[in-house]
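Trainee: Following this message is one structure expressed as C-alpha coordinates.
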Amino acid sequence: MRSQTLQRILASIFLVLGAWCMFLPRMVEQLTIRPEHQVLTAASSVFIACFGAQAVLCGGIIWFSKFTPKTFLAFGLLGSIPFFAFNWYFYFVQPIFTRWMLLDFAGNVVILLCGLIGYRISHREHPLG
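In our numbering, the protein residues as written are 5 to 133.
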(Lines of atoms letter the chains of each structure in order from A; the text may use other names.)
(Lines give C-alpha, C1' and ligand atoms only; values in the text may rest on other atoms or scores of the structure.)
Protein backbone atom coordinates (compact mmCIF):
# COMPACT_ATOMS: atom_id res chain seq x y z
CA MET A 5 0.00 0.00 0.00
CA ARG A 6 1.18 3.52 -0.77
CA SER A 7 1.17 6.33 1.75
CA GLN A 8 -1.13 8.36 -0.50
CA THR A 9 -3.76 5.61 -0.22
CA LEU A 10 -3.65 5.86 3.57
CA GLN A 11 -3.86 9.62 3.29
CA ARG A 12 -7.03 9.28 1.18
CA ILE A 13 -8.52 6.83 3.72
CA LEU A 14 -7.73 9.32 6.49
CA ALA A 15 -9.36 12.14 4.52
CA SER A 16 -12.42 10.00 3.79
CA ILE A 17 -13.10 9.46 7.50
CA PHE A 18 -13.29 13.21 8.04
CA LEU A 19 -15.24 13.82 4.83
CA VAL A 20 -17.88 11.12 5.40
CA LEU A 21 -18.51 11.70 9.10
CA GLY A 22 -18.26 15.47 8.66
CA ALA A 23 -20.75 15.47 5.79
CA TRP A 24 -23.14 13.36 7.87
CA CYS A 25 -23.00 15.96 10.65
CA MET A 26 -23.30 18.82 8.17
CA PHE A 27 -26.27 17.56 6.18
CA LEU A 28 -28.16 15.51 8.79
CA PRO A 29 -27.42 17.18 12.13
CA ARG A 30 -30.75 16.27 13.71
CA MET A 31 -30.23 12.60 12.87
CA VAL A 32 -26.74 12.75 14.35
CA GLU A 33 -28.09 14.29 17.56
CA GLN A 34 -30.91 11.76 17.83
CA LEU A 35 -28.60 8.78 17.28
CA THR A 36 -25.53 9.82 19.25
CA ILE A 37 -26.92 11.75 22.24
CA ARG A 38 -28.93 10.01 24.93
CA PRO A 39 -32.58 11.14 24.88
CA GLU A 40 -32.38 12.87 28.25
CA HIS A 41 -29.60 15.14 26.90
CA GLN A 42 -31.02 15.84 23.43
CA VAL A 43 -32.00 19.41 22.70
CA LEU A 44 -33.21 19.03 19.10
CA THR A 45 -33.40 22.74 18.38
CA ALA A 46 -32.27 24.74 15.38
CA ALA A 47 -29.30 25.92 17.47
CA SER A 48 -28.18 22.39 18.35
CA SER A 49 -28.41 21.49 14.65
CA VAL A 50 -26.24 24.50 13.79
CA PHE A 51 -23.60 23.45 16.32
CA ILE A 52 -23.47 19.89 14.98
CA ALA A 53 -23.43 21.13 11.38
CA CYS A 54 -20.55 23.50 12.21
CA PHE A 55 -18.63 20.62 13.74
CA GLY A 56 -19.28 18.68 10.54
CA ALA A 57 -18.16 21.58 8.34
CA GLN A 58 -14.88 21.74 10.23
CA ALA A 59 -14.39 18.01 9.72
CA VAL A 60 -15.10 18.39 5.98
CA LEU A 61 -12.56 21.23 5.82
CA CYS A 62 -10.02 19.05 7.61
CA GLY A 63 -10.76 16.13 5.26
CA GLY A 64 -10.30 18.36 2.23
CA ILE A 65 -6.97 19.63 3.50
CA ILE A 66 -5.83 16.07 4.20
CA TRP A 67 -6.92 14.96 0.71
CA PHE A 68 -5.05 17.70 -1.17
CA SER A 69 -1.93 18.04 1.01
CA LYS A 70 1.40 16.30 0.63
CA PHE A 71 1.98 14.33 3.83
CA THR A 72 5.45 13.74 5.20
CA PRO A 73 6.21 11.04 7.77
CA LYS A 74 5.88 13.68 10.51
CA THR A 75 2.49 14.78 9.17
CA PHE A 76 1.19 11.21 9.31
CA LEU A 77 2.46 10.83 12.87
CA ALA A 78 0.98 14.17 13.98
CA PHE A 79 -2.43 13.43 12.45
CA GLY A 80 -2.41 9.91 13.80
CA LEU A 81 -1.71 11.01 17.35
CA LEU A 82 -3.40 14.41 17.52
CA GLY A 83 -6.35 13.28 15.41
CA SER A 84 -7.17 10.35 17.67
CA ILE A 85 -5.83 10.44 21.24
CA PRO A 86 -7.67 13.60 22.41
CA PHE A 87 -10.86 12.20 20.88
CA PHE A 88 -10.40 8.85 22.66
CA ALA A 89 -10.37 10.79 25.92
CA PHE A 90 -13.40 12.85 24.85
CA ASN A 91 -15.41 9.76 23.85
CA TRP A 92 -14.41 7.85 26.98
CA TYR A 93 -15.38 10.71 29.27
CA PHE A 94 -18.79 11.37 27.70
CA TYR A 95 -19.64 7.70 27.35
CA PHE A 96 -18.41 6.27 30.68
CA VAL A 97 -17.85 9.13 33.17
CA GLN A 98 -20.55 11.62 32.16
CA PRO A 99 -22.79 9.37 30.02
CA ILE A 100 -24.18 11.64 27.34
CA PHE A 101 -23.32 9.59 24.23
CA THR A 102 -25.14 6.50 22.97
CA ARG A 103 -23.52 3.41 21.47
CA TRP A 104 -23.67 5.10 18.07
CA MET A 105 -20.67 7.14 19.19
CA LEU A 106 -18.70 3.93 18.87
CA LEU A 107 -18.63 4.89 15.16
CA ASP A 108 -16.55 7.89 16.18
CA PHE A 109 -14.36 5.66 18.34
CA ALA A 110 -13.86 3.28 15.38
CA GLY A 111 -13.03 6.25 13.17
CA ASN A 112 -10.44 7.38 15.72
CA VAL A 113 -8.87 3.90 15.76
CA VAL A 114 -8.57 4.03 11.96
CA ILE A 115 -7.15 7.57 12.16
CA LEU A 116 -4.50 6.36 14.61
CA LEU A 117 -3.65 3.33 12.46
CA CYS A 118 -3.48 5.40 9.26
CA GLY A 119 -1.14 7.81 11.01
CA LEU A 120 1.19 5.15 12.41
CA ILE A 121 1.23 2.94 9.32
CA GLY A 122 1.42 5.99 7.05
CA TYR A 123 4.44 7.20 9.03
CA ARG A 124 6.27 3.92 8.41
CA ILE A 125 5.31 3.62 4.73
CA SER A 126 6.05 7.29 4.03
CA HIS A 127 9.46 6.87 5.67
CA ARG A 128 10.21 3.98 3.30
CA GLU A 129 8.97 5.93 0.26
CA HIS A 130 10.85 9.11 1.21
CA PRO A 131 13.76 8.17 3.50
CA LEU A 132 15.05 11.75 3.72
CA GLY A 133 11.57 13.31 4.25
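Idealized CB from N, CA, C, for every residue including glycine.
Taking only the alpha-carbon atoms, compute the straight-line gap between L44 and P73 and give it to the nearest angstrom.
Mentor: Counting from one through the sequence shown, the residue named residue 44 turns up at place 40. Counting from one through the sequence shown, the residue named residue 73 turns up at place 69. One C-alpha to the other measures close to 42 Å.
Trainee: Rounded to whole angstroms, what's the CA-CA distance from L61 to I125? Just pull it up for me.
Mentor: As a working note, residue 61 is residue 57 in the sequence shown. As a working note, residue 125 is residue 121 in the sequence shown. Distance between the alpha carbons of L61 and I125: 25 Å.
Trainee: Starting from the C-beta of A57, find all residues in its chain whose C-beta is less than 6 Å away, skip the five residues before and the five after it, and write them out in chain order.
Mentor: Here residue 57 refers to the residue found at position 53 when the sequence shown is read from its first residue. M26, listed in sequence order.
Trainee: What residue does the alpha helix (DSSP H) around M26 start on, and which one ends it?
Mentor: Mapped onto the sequence shown, residue 26 falls at position 22. M26: member of the alpha helix (DSSP H) spanning S7 to F27, first to last residue.
Trainee: Runs of 4 residues minimum, wholly inside the region 61–102: which ones carry the alpha helix (DSSP H) assignment?
Mentor: 73–82 and 85–92
Trainee: Under 8 Å Cβ to Cβ from P86, same chain only, skipping five residues before and after it: list those, please.
Mentor: Translated into the one-based positions of the sequence shown, residue 86 becomes position 82. Annotation for P86: no residue places its beta carbon closer than 8 Å to its own, counting only its chain and skipping 5 residues before and after.
Trainee: Assuming N91 and F76 make a contact with CB atoms under 8 Å, what is their CB distance in whole Å?
Mentor: Working through the sequence shown from its first residue, we reach residue 91 at position 87. Working through the sequence shown from its first residue, we reach residue 76 at position 72. In fact, because the Cβ distance is near 22 Å, the residues do not count as touching under 8 Å.
Trainee: Given 8 Å as the limit, is there contact between the region 97–114 and the region 13–27, that is, 3 or more CB pairs closer than that?
Mentor: yes
Trainee: Can you name the residues that DSSP bridges to I37?
Mentor: Stepping through the sequence shown from its first residue, residue 37 is reached at position 33. For I37, which the question treats as bridged, DSSP gives the partners F101.
Trainee: So the alpha helix (DSSP H) H127 belongs to, where does it begin and stop?
Mentor: Here residue 127 corresponds to residue number 123 of the sequence shown, with the count starting at 1. Unbroken alpha helix (DSSP H) run through H127: L106 to E129.
Trainee: Is C118 near the ligand ADP, in the sense that its beta carbon is under 7 Å from a heavy atom of that ligand?
Mentor: As far as ligands go, the structure on display features none, and thus does not contain the ligand ADP.
Trainee: What does a CB cutoff of less than 6 Å around R30 pick up in its chain, not counting 5 residues either side in sequence?
Mentor: For the purposes of this step, residue 30 is identified with residue 26 of the sequence shown, where counting begins at 1. Around R30: S49.
Trainee: Restricting to Cα atoms, I'd like to know which of G83, R103, F101 and Y95 is closest to V114.
Mentor: Position 110 of the sequence shown holds residue 114. With distances taken between Cα atoms, V114 lies closest to G83.
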